[in-house]
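Okay, so here's the structure we're looking at.
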Amino acid sequence: MTTGTWLLLVAAVLVAVHLLWTGWTLIRLRRLGGRVRRAREVLDAALLRRAELAAALARERADVLGAALAAGLAAAAAASRTPAAGDREAAENQLGRLLGQVPAGALPPELDEAAVRVGLARRFYNDAVRDTRALRRRRLTRVSRLHARRPLPRYFDIDDGQDAVLSGGPSTGN
């Protein structure tokens, strides 16, 4: 075999490897996009459930909560269901702050469970976003312009107090 034949063979192998990698990466990006979409749907459902339970708490236990807290909780629950100007994170943070002010005896266990579910759903969603962003930021993916027209998914960050619960609490460093 001549040098030209070897070069053609090497070039053909490189093109085949690049095509296989591109196909695998496109499949991975599509699956990650579906994972982000499904995780967002679960997160939205968990947030809606928490808002419904908070609104029910404000209606049913207004005597224990006090008029100001009950009214604020009802307003925050309504705002988190349909946030103004699309700022869902701010509305959820407001609801979370008000739920933190509810006395421990007045907080139903369903609401505690809903808060944990929100934390888990947020973690799964943010993990899917992290994986998608990491794959899309790789040099060869950017140079090949794979999924270049699709916007990068955004993280959903709220201060729900679940980070310590989900990670097992603060580490002692021992």
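Residues are numbered in the working numbering as their position in the sequence shown, beginning at 1, plus a constant of 1. From the three backbone atoms N, C-alpha and C, an ideal C-beta is built for every residue, glycine too. Note that the coordinates shown come from a computational prediction; the quantities given were computed from them, not determined experimentally.
For the alpha helix (DSSP H) containing residue i, list its first residue and its last residue.
{"i": "GLN102", "result": "That residue, GLN102, is in no alpha helix (DSSP H); it is neither H nor E in DSSP."}
{"i": "ILE28", "result": "4–61"}
{"i": "ARG82", "result": "68–82"}
In whole angstroms, what separates the C-alpha of residue i from that of residue j?
{"i": "ARG134", "j": "LEU153", "result": "7 Å"}
{"i": "GLU93", "j": "LEU9", "result": "59 Å"}
{"i": "ALA116", "j": "LEU30", "result": "30 Å"}
{"i": "PRO104", "j": "TRP22", "result": "56 Å"}
{"i": "ARG50", "j": "GLU111", "result": "10 Å"}
{"i": "THR3", "j": "ARG151", "result": "45 Å"}
{"i": "THR6", "j": "ALA17", "result": "16 Å"}
{"i": "GLY34", "j": "ALA40", "result": "10 Å"}
Report back the beta-carbon spacing between residue i and residue j to the nearest angstrom; my notes put them in contact at under 8 Å.
{"i": "ARG98", "j": "ALA47", "result": "That pair is no contact at about 18 Å."}
{"i": "ALA63", "j": "ALA69", "result": "About 10 Å separates the two Cβ atoms, so there is no contact after all."}
{"i": "ALA129", "j": "VAL37", "result": "5 Å"}
{"i": "ASP161", "j": "GLY106", "result": "Not really, about 21 Å apart at Cβ, beyond 8 Å."}
{"i": "LEU44", "j": "LEU147", "result": "So it is not a contact: roughly 26 Å between Cβ atoms."}
{"i": "ALA78", "j": "ALA55", "result": "4 Å"}
Please classify residue i as buried or exposed, where buried requires at least 16 other C-beta atoms within 10 Å of its C-beta.
{"i": "LEU20", "result": "exposed"}
{"i": "LEU141", "result": "exposed"}
{"i": "GLN95", "result": "buried"}
{"i": "ALA75", "result": "buried"}
{"i": "ARG89", "result": "buried"}
Every unbroken alpha helix (DSSP H) within the region 104–144, with a cutoff of 4 residues, ordered by chain:
Taking 4 residues as the shortest admissible run, the region 104–144 contains the following complete alpha helix (DSSP H) segments, listed from N- to C-terminal end: 110–137, 140–144.
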